[in-house]
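**Q** Right, I'll just put the structure down here and ask away after.
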Amino acid sequence: MGDIAEFLVQNDTNFRRARLPALYSDFRSQKLLNPDGFQANVAAWREALSRAAWDGRVSSAGSTSDLLTVPVDERLVRGLEYKQFGRPLALGAVVNQAVSEKDFLPLDEFLLASESIYAQSWASLPKSILSWAAQRVWAGDGTKGEDKLPHGRYVVVKNLETATKALAEHTSNTASVLERAFTKQHFYKTFSGSLVKGKLLSERDMEVLLKYASRDKGLIAYDGKTIKLQSQGSKSGLHTITEEDAAISSLKELIEDLKAQTSLMERRIEELTIKAKEHVARNNRVSALALLKSRKLTEACLEKRHATLSQLEQVADKIEQASDHVQLVKVMEASTGVLQSLNKQVGGVERVEQAVDSLREQMGEVDEVGDVLASAGSESIAVDEAEIDDELAELEASERLKAGELEKAAEAAKEAREVEDLEARLDGIPKVAQTIPGQAATNEAANAAPGTPTSSLTHEIRKLSLDEPTLES
Numbered sequence: 001m002g003d004i005a006e007f008l009v010q011n012d013t014n015f016r017r018a019r020l021p022a023l024y025s026d027f028r029s030q031k032l033l034n035p036d037g038f039q040a041n042v043a044a045w046r047e048a049l050s051r052a053a054w055d056g057r058v059s060s061a062g063s064t065s066d067l068l069t070v071p072v073d074e075r076l077v078r079g080l081e082y083k084q085f086g087r088p089l090a091l092g093a094v095v096n097q098a099v100s101e102k103d104f105l106p107l108d109e110f111l112l113a114s115e116s117i118y119a120q121s122w123a124s125l126p127k128s129i130l131s132w133a134a135q136r137v138w139a140g141d142g143t144k145g146e147d148k149l150p151h152g153r154y155v156v157v158k159n160l161e162t163a164t165k166a167l168a169e170h171t172s173n174t175a176s177v178l179e180r181a182f183t184k185q186h187f188y189k190t191f192s193g194s195l196v197k198g199k200l201l202s203e204r205d206m207e208v209l210l211k212y213a214s215r216d217k218g219l220i221a222y223d224g225k226t227i228k229l230q231s232q233g234s235k236s237g238l239h240t241i242t243e244e245d246a247a248i249s250s251l252k253e254l255i256e257d258l259k260a261q262t263s264l265m266e267r268r269i270e271e272l273t274i275k276a277k278e279h280v281a282r283n284n285r286v287s288a289l290a291l292l293k294s295r296k297l298t299e300a301c302l303e304k305r306h307a308t309l310s311q312l313e314q315v316a317d318k319i320e321q322a323s324d325h326v327q328l329v330k331v332m333e334a335s336t337g338v339l340q341s342l343n344k345q346v347g348g349v350e351r352v353e354q355a356v357d358s359l360r361e362q363m364g365e366v367d368e369v370g371d372v373l374a375s376a377g378s379e380s381i382a383v384d385e386a387e388i389d390d391e392l393a394e395l396e397a398s399e400r401l402k403a404g405e406l407e408k409a410a411e412a413a414k415e416a417r418e419v420e421d422l423e424a425r426l427d428g429i430p431k432v433a434q435t436i437p438g439q440a441a442t443n444e445a446a447n448a449a450p451g452t453p454t455s456s457l458t459h460e461i462r463k464l465s466l467d468e469p470t471l472e473s
C-alpha cells in the first residue's frame, strides 16, 4: 500500500472501506450515466489530494513536500496505490474535472496570469461551452479509452485560501511602516514556519501565496522583490511598491541580519571562554592563549556590530517618526478642509449673530404670550381668602383639641400607674408587733373598726395624690 493511501484510509472519512471499490474503479462513464455519483467520487478524491498535500504527504522526485501545490506524476500514483484495488483508474479524470472547476490550477499559468482567478474571462467562455458540448456529443469526452494522467504541478485553491486567511490574521496588527515592509527573503524567514501551525511552507508555496495575496486578495503589494502589507483602513497606493518601501525593507532585513550575527558572536565568545578555561586546567598554555586571542577579536567585532546596529535602529526610528509626521500632516490638511466646509455652511459671524437675535426675539414673544395667558387664567378664577382662613383656623382648633385629649389620657394613665406603685410599696412594709401576742387579734380588730384612728389614717393615705394641688377659683 502506498504511503498516501495509508494516510487517507486512516484520516479521511471518504476513504472508508465500503467506498474504496468505487473510488479506485474507472468511474468515468458515470459522468453521463450517473452525474451525481461521478461528482461525489471526484469531490472525494479532490478533498483527499488537498488533505494529503496540506499534511505534507505529497512530494515529487528531488523536491520537498509542498502544502499549496500537488505534483501529478507517477510518484503520486504509486503513493495512492492500494494493495487490494491497485492504482486509482480515474485519477486523470479527477484532476481534469478539478481544473475545469478551478479547484486545481496549473502552477505556471497561475503564476503568469495577470487577472484574478475569480474573474470570469469572456475569452474563456466560448472555449468552456465548446468543451462541454464536445463532451456531450463526441466519444472523445474522456469517458472511454485509457485514463490519461495530466502530468504537472497544480495549485490547490482550497489550501491556498486557508494559508491566505492565516496570513491576514498574522498581519492584522501591523501599524508602523517598518512592520509592513519586507524583502522577499525576510518575509520567507518570518512567516514560512508560523503561518501554518506545525508545518513549514516551501519557497514555492511562498511564491504562490504572495502572488495570490497580492493579485487576487489585495492583502499585500508585491513586485517580486519587496512586499508591503496592507495597513488598516488604507486603500490608496496599496498595489504599488515605492522606492521608500524597498529601502525600508532592505534596512529592516539588515537590522535583523545584524541581530542574528551579534547573537552568534555572543555564543562564540562564551564557547571560547569555556574552552580556554579547559586548556588552562590542563596546563595547555599555547592553546589557551590562542583561544583568548580569538575571543578578543570576536569581542572587537561584536562591538562594531553593536555600534552599526545602534545606528541602523536610530535610522529606523527616524523613518517611523517621519512617517508619523506625514500621516499627521495629511490628517491636519483633511481636517482643515472639513473645517472650511463647515464654516462655509455656518455662513460667518454675521449670520450667526442674526440667527441668535432672531432666536432671542422669538423666545421673547413666547414669554409674552405665556404671561398674557397666565394673567387671563388668574382673573377668571375668584378665590375668597377670608373663607380659606376660617377653614384653616377650624382645622388647627380641631387638631389642638385632639392633642389635648390625648395628653389628658396619658396623664390619667400615668397617675393610675403611680397609685398602683405606691400601694405595692405600702403592702411590702413589714408590720411591727407593739402589743402582747395575746392582744394582737383584739387590737387588730379594734384598729380595723370604723371610726378608729388607724382606719381613718389608712383611708386618708389612700386618698393622697402625688400631683400638686390645684387652686380652686
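UniProt numbering numbers the first residue of the sequence shown as 1 and each following residue consecutively.
Cβ atoms here follow ideal geometry from the backbone N, Cα and C, with glycine treated the same way.
Treat the numbers as computed from the prediction; the structure is a model and nothing was measured.
(1) Kindly confirm or deny that the segment 266-279 and the segment 244-256 touch, where touching means at least three C-beta pairs closer than 8 angstroms.
(2) For Tyr-212, list the residues DSSP reports as bridge partners.
(3) Measuring only the C-alpha atoms, how far is residue 486 from Thr-164?
(4) How about Glu-405: is its C-beta nearer than 8 angstroms to some C-beta of chain B?
(5) Pro-21 by DSSP, collapsed to three states: which one?
(6) For Val-156, which of helix, strand or coil comes out of DSSP?
(7) Indicate the three-state DSSP secondary structure (helix, strand or coil) for Gly-2 in the structure shown.
(8) Can you tell me whether DSSP reads Tyr-188 as helix, strand or coil?
(9) Tell me which residues share the same chain as Pro-106 and place their Cβ nearer than 8 angstroms to its Cβ, disregarding the 5 neighbours each side in the sequence.
(10) Can you find the residues in the same chain that come closer than 8 angstroms, C-beta to C-beta, to Glu-320, ignoring five residues on each side of it along the sequence?
(11) Considering only the beta carbon of each residue, do Asn-159 and Ser-65 sit closer than 8 angstroms?
(12) Would you decide whether Ala-428 is buried or exposed? Buried here means 16 or more other CB atoms lie within 10 Å of its CB.
(13) My understanding is that Tyr-188 touches Glu-203, with C-beta atoms under 8 angstroms, so please give their C-beta distance in whole angstroms.
(14) For Ala-181, list the residues DSSP reports as bridge partners.
(15) When you compare only the Cα positions, how much space is there between Leu-312 and Gly-56?
(16) Quick check: the segment 20-39 against the segment 79-90, are at least 3 beta-carbon pairs closer than 8 angstroms?
(17) Confirm, please, whether the CB-CB distance from Lys-259 to Arg-180 is below 8 angstroms.
(18) Using the rule of at least 16 other Cβ atoms within 10 Å of the residue's Cβ for burial, across every protein chain shown, is Arg-28 buried or exposed?
(19) By Cβ distance below 8 angstroms, which residues in the same chain neighbour Val-77 in space, the five residues on each side in sequence not counted?
(20) Can you tell me where the alpha helix (DSSP H) holding Thr-336 begins and where it ends?
(21) Relative to the C-alpha of Ala-43, which candidate in Ala-93, Ala-416, Val-326, Phe-7 has its C-alpha closest?
(22) In terms of residues, what are the limits of the beta strand (DSSP E) holding Val-70?
(23) If you follow the beta strand (DSSP E) that Pro-106 is part of, which residue opens it and which one closes it?
(24) The alpha helix (DSSP H) with Ala-90 in it runs from where to where?
(25) Tell me whether Arg-285 is buried or exposed, calling it buried when 16 or more other Cβ atoms sit within 10 Å of its Cβ.
(26) Could you spell out where the alpha helix (DSSP H) holding Ala-221 opens and where it closes?
(27) Could you tell me the distance, in whole angstroms, from the CA atom of Ala-113 to the CA atom of Val-208?
(28) Note down the Cα distance separating Lys-296 from Arg-267, rounded to an integer number of angstroms.
(29) What are the start and end residues of the alpha helix (DSSP H) that includes Ile-388?
(30) Would you decide whether His-325 is buried or exposed? Buried here means 16 or more other CB atoms lie within 10 Å of its CB.
(31) With a threshold of 16 other CB atoms inside 10 Å of the CB of His-306, please say whether the residue is buried or exposed.
(32) Would you say Leu-195 and Leu-201 are within 8 angstroms of each other, going by their C-beta atoms?
(33) State yes or no: is the C-beta of Ser-116 nearer than 7 angstroms to some heavy atom of the ligand NAP?
(34) Since I believe Asn-14 is in contact with Glu-47 (beta carbons under 8 angstroms), could you give me their beta-carbon distance rounded to a whole number of angstroms?
(35) Taking the alpha-carbon positions, what's the Trp-54 to Asn-283 distance?
(36) Go ahead and label Lys-252 buried or exposed: buried means 16 or more other beta carbons lie within 10 angstroms of its beta carbon, across all protein chains shown.
**A** Considering the structure as presented:
(1) With the cut-off at 8 angstroms, the segment 266-279 and the segment 244-256 do not touch.
(2) According to DSSP, Tyr-212 shares a beta bridge with no other residue.
(3) Summary: the structure shown does not reach residue 486, with the chain confined to residues 1 through 473, and so no result is reported for it.
(4) Here chain B cannot be found, since the structure has a single protein chain.
(5) Three-state DSSP puts Pro-21 in a helix.
(6) Reduced to three states, the DSSP call for Val-156 is strand.
(7) Taken through DSSP and simplified to helix, strand or coil, Gly-2 comes out as coil.
(8) Looking at Tyr-188 - three-state DSSP - the assignment turns out to be helix.
(9) Same-chain partners within the cutoff: Val-99, Gly-152, Arg-153, Tyr-154, Val-155.
(10) Setting aside the 5 residues that flank it on each side, Glu-320 is surrounded in the same chain by Ser-176, Val-177, Leu-178, each with a C-beta closer than 8 angstroms to its C-beta; the list follows chain order.
(11) Going by beta carbons, Asn-159 and Ser-65 fall outside the 8 angstroms limit.
(12) Note that residue 428 corresponds to Gly in the displayed sequence, not to Ala. By the neighbour-count rule (16 or more Cβ atoms within 10 Å), Gly-428 is not buried but exposed.
(13) Contact flag correct, Cβ pair sits at about 6 angstroms.
(14) Bridge partners of Ala-181: Lys-228.
(15) C-alpha separation (whole angstroms): 39 angstroms.
(16) At 8 angstroms Cβ cutoff, the stretches touch.
(17) In this structure, Lys-259 does not lie closer than 8 angstroms to Arg-180 by Cβ.
(18) Buried, since its Cβ has 16 or more Cβ neighbours within 10 Å.
(19) The residues are Arg-87, Pro-88, Leu-91, Leu-149.
(20) From DSSP, the alpha helix (DSSP H) with Thr-336 extends over 285-346.
(21) It is Ala-93.
(22) Run containing Val-70: 69-72, per the beta strand (DSSP E) assignment.
(23) Taken as a continuous stretch (DSSP letters only), the beta strand (DSSP E) holding Pro-106 covers 104-106.
(24) Careful: Ala-90 lies outside any alpha helix (DSSP H) and carries neither H nor E.
(25) By the neighbour-count rule (16 or more Cβ atoms within 10 Å), Arg-285 is not buried but exposed.
(26) First-last for Ala-221: 220-222, but that is the beta strand (DSSP E), not the alpha helix (DSSP H).
(27) Distance between the alpha carbons of Ala-113 and Val-208 is about 12 angstroms.
(28) The straight-line gap from Cα to Cα measures roughly 14 angstroms.
(29) Element bounds for Ile-388: 385-427.
(30) Counting of Cβ neighbours within 10 angstroms places His-325 among the exposed residues, the total staying below 16.
(31) By the neighbour-count rule (16 or more Cβ atoms within 10 Å), His-306 is not buried but exposed.
(32) For Leu-195 and Leu-201, yes; Cβs fall inside 8 angstroms.
(33) As far as ligands go, the structure on display features none, and thus does not contain the ligand NAP.
(34) The C-beta separation of Glu-47 from Asn-14 comes to about 6 angstroms, placing the pair in contact by the 8 angstroms criterion.
(35) In this structure, the CA atom of Trp-54 is about 57 angstroms from the CA atom of Asn-283.
(36) Buried, because 16 or more other Cβ atoms sit within 10 Å of the Cβ of Lys-252.
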